[in-house]
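In our numbering, the protein residues as written are 507 to 896.
Have a look at the structure below, then the notes.
And the structure:
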């Protein structure tokens, strides 16, 4: 009996060894899960990573305001615009400008020529303010319309060149830069931020009050590279006022975000010379390029103009405006408006209007600022003109 039990145990062991030998060297047919762990970097929220320049009014953020041309050093150029720190009002103190086109029966807003004149009379047939701005006695050395104004930096009867300047204008009626009294200023790669509102729409439109960069009284302002951004109401980007006043801009980006804020403007004999410049307006009643009255003139080469809101034509002239290799896109307005005896000449340029119920271009006669018989001129050679009514 014991031998039989031993024999059975021997058989069991032998079978076990045989099975083990048969399975030796074979991989189990079982899926082994693999886990890959990825460590993700935690990034700070966007608003905490934006560099905020020092507050306006410190020596690091601005040039010293002066009428003698004495300059103080500015902050280095590595500062960036910080739109998120500017608080823009939700409503505009300016009424909505409109005008009735003769025989149309429609109230049609004409770009940046509003009905509001801050106490001055207007003519119902044309909304452009009638008369001249009042002249307070606060500063008799300034032109009418600039009496309440100021500038972070002003240069008078001198010449200067500055590079990589950061200028932040935040007050009501405050410009970043004034040049006047035949001064000549060159800014290279500036970063300019203007957020104050205008106290007078009339003075902003006719005299450049609250313009971000303002040249007047026969001065010359040259801007090479850099950018300017305005948030305020009635705050133009560049403004040239008066005979012999000139602004030259090359490879500059200008954006305005407030209502009644032209990107660039020439008034009462001022002139503009723009090349490789990008202009954008984001609010209503804000033309991209505005040239008005008499000997005012603007010459554009390789310029891009974009307007996003109503009553904001890309190009508006009551004087002389020449554009070569220029691209204009108006989302809710005409691409071009020629008033009275204005003349617009386009060479190899591209115009695009996406304007429901609007014209691609408008030539018209007003009665309040120019009583002569109108002979508006629109001349386009080469390029393209596209109007989409959607």
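Glycine residues also receive a C-beta, built at the ideal position from the N, C-alpha and C atoms.
None of these values were measured; they are calculated from a predicted model.
Same chain only: Cβ atoms within 8 Å of residue i, ignoring 5 sequence neighbours per side
{"i": "residue 732", "result": "693, 694, 695, 696, 697, 698, 758, 759"}
{"i": "residue 818", "result": "617, 618, 787, 789, 790, 791, 792, 793, 794, 836, 838, 839"}
{"i": "residue 848", "result": "797, 823, 824, 825, 826, 827, 882, 883"}
{"i": "residue 648", "result": "655"}
{"i": "residue 564", "result": "Legend: pLDDT at residue 564 = 40, less than 50; position of this residue unreliable, value from coordinates given subsequently. Cβ neighbours of residue 564 beyond the five flanking positions: none."}
Per DSSP, the bridge partner or partners of residue i
{"i": "residue 773", "result": "747, 798"}
{"i": "residue 783", "result": "Bridge partners of residue 783: none, in fact."}
{"i": "residue 700", "result": "675, 736"}
{"i": "residue 857", "result": "834, 891"}
{"i": "residue 762", "result": "736, 787"}
{"i": "residue 521", "result": "Per DSSP, none; premise fails for residue 521."}
{"i": "residue 919", "result": "Any property of residue 919 remains undetermined from this structure, which presents the chain solely from 507 to 896."}
{"i": "residue 828", "result": "805, 851"}
{"i": "residue 653", "result": "In the DSSP output, where bridge partners are listed per residue, residue 653 has none listed."}
{"i": "residue 778", "result": "753, 804"}
Closest residue to residue i among the options (Cα-Cα distance)
{"i": "residue 716", "options": "748, 723, 762", "result": "762"}
{"i": "residue 754", "options": "765, 778, 774", "result": "778"}
{"i": "residue 968", "options": "785, 751, 792", "result": "Residue 968 is absent from the model: the chain starts at 507 and stops at 896."}
{"i": "residue 650", "options": "700, 810, 711, 786", "result": "711"}
{"i": "residue 864", "options": "842, 808, 884, 802", "result": "842"}
{"i": "residue 853", "options": "806, 800, 747, 668", "result": "806"}
{"i": "residue 667", "options": "726, 701, 745, 737", "result": "726"}
{"i": "residue 812", "options": "652, 847, 800, 768", "result": "768"}
{"i": "residue 801", "options": "665, 673, 749", "result": "749"}
{"i": "residue 660", "options": "669, 680, 830, 670", "result": "680"}
{"i": "residue 700", "options": "821, 658, 850", "result": "658"}
{"i": "residue 689", "options": "756, 664, 702", "result": "664"}
{"i": "residue 653", "options": "714, 670, 781", "result": "714"}
{"i": "residue 678", "options": "521, 655, 756", "result": "655"}
{"i": "residue 671", "options": "723, 647, 730", "result": "730"}
{"i": "residue 775", "options": "734, 742, 724", "result": "724"}
{"i": "residue 764", "options": "669, 718, 719, 737", "result": "737"}
Cut-off 6 Å between Cβ atoms - residues of its own chain near residue i, not counting five sequence neighbours on either side
{"i": "residue 893", "result": "859, 866"}
{"i": "residue 837", "result": "814, 860"}
{"i": "residue 797", "result": "772, 804, 823, 825, 827"}
{"i": "residue 740", "result": "704, 707, 710, 716, 766"}
{"i": "residue 810", "result": "784, 833"}
{"i": "residue 721", "result": "685, 727, 746, 751, 753"}
{"i": "residue 582", "result": "Because residue 582 sits at a pLDDT of 38, beneath the cut-off of 50, its placement in the model cannot be relied upon, and the following sentence gives the value as read from the coordinates. Excluding positions up to five away in sequence, the list is empty."}
{"i": "residue 895", "result": "862"}
{"i": "residue 830", "result": "807, 853"}
{"i": "residue 856", "result": "833, 889, 890"}
{"i": "residue 780", "result": "755, 806, 809"}
{"i": "residue 887", "result": "853"}
{"i": "residue 625", "result": "With a pLDDT of only 31 at residue 625, under the threshold of 50, the placement of this residue in the model should not be trusted; the figure read from the coordinates follows. Nothing listed; no residue qualifies."}
{"i": "residue 851", "result": "828, 885"}
{"i": "residue 820", "result": "794, 811, 813, 834, 836, 841"}
{"i": "residue 662", "result": "573, 686, 687, 689"}
{"i": "residue 516", "result": "none"}
{"i": "residue 691", "result": "661, 666, 685, 727"}
{"i": "residue 521", "result": "none"}
{"i": "residue 744", "result": "719, 753, 770"}
N-terminal and C-terminal residue of the beta strand (DSSP E) that residue i is part of
{"i": "residue 835", "result": "833-836"}
{"i": "residue 845", "result": "842-845"}
{"i": "residue 680", "result": "680-686"}
{"i": "residue 661", "result": "656-662"}
{"i": "residue 768", "result": "Residue 768 -> no beta strand (DSSP E), and no H or E assigned at all."}
{"i": "residue 806", "result": "803-807"}
{"i": "residue 669", "result": "665-669"}
{"i": "residue 821", "result": "821-823"}
{"i": "residue 690", "result": "690-694"}
{"i": "residue 868", "result": "867-870"}
{"i": "residue 879", "result": "First-last for residue 879: undefined, no H or E at that position."}
Sequence-distant residues of the same chain with beta carbon closer than 7 Å to residue i, five excluded per side
{"i": "residue 869", "result": "844, 882, 884"}
{"i": "residue 871", "result": "846, 880"}
{"i": "residue 816", "result": "615, 790, 838, 839"}
{"i": "residue 669", "result": "694, 695"}
Residue i beta carbon near the ligand MN (any heavy atom closer than 6 Å)
{"i": "residue 710", "result": "Absence of the ligand MN is noted for the structure shown, with no ligands found whatsoever."}
Minimum Cβ-Cβ distance from residue i to chain D less than 7 Å
{"i": "residue 858", "result": "Here there is only one protein chain, and chain D is not present."}
> Hey, which unbroken runs of the beta strand (DSSP E) at 3 residues or more fall wholly within the region 702-743?
Replying inline: Fully enclosed beta strand (DSSP E) runs of 3 or longer: 719-722, 726-730, 733-736.
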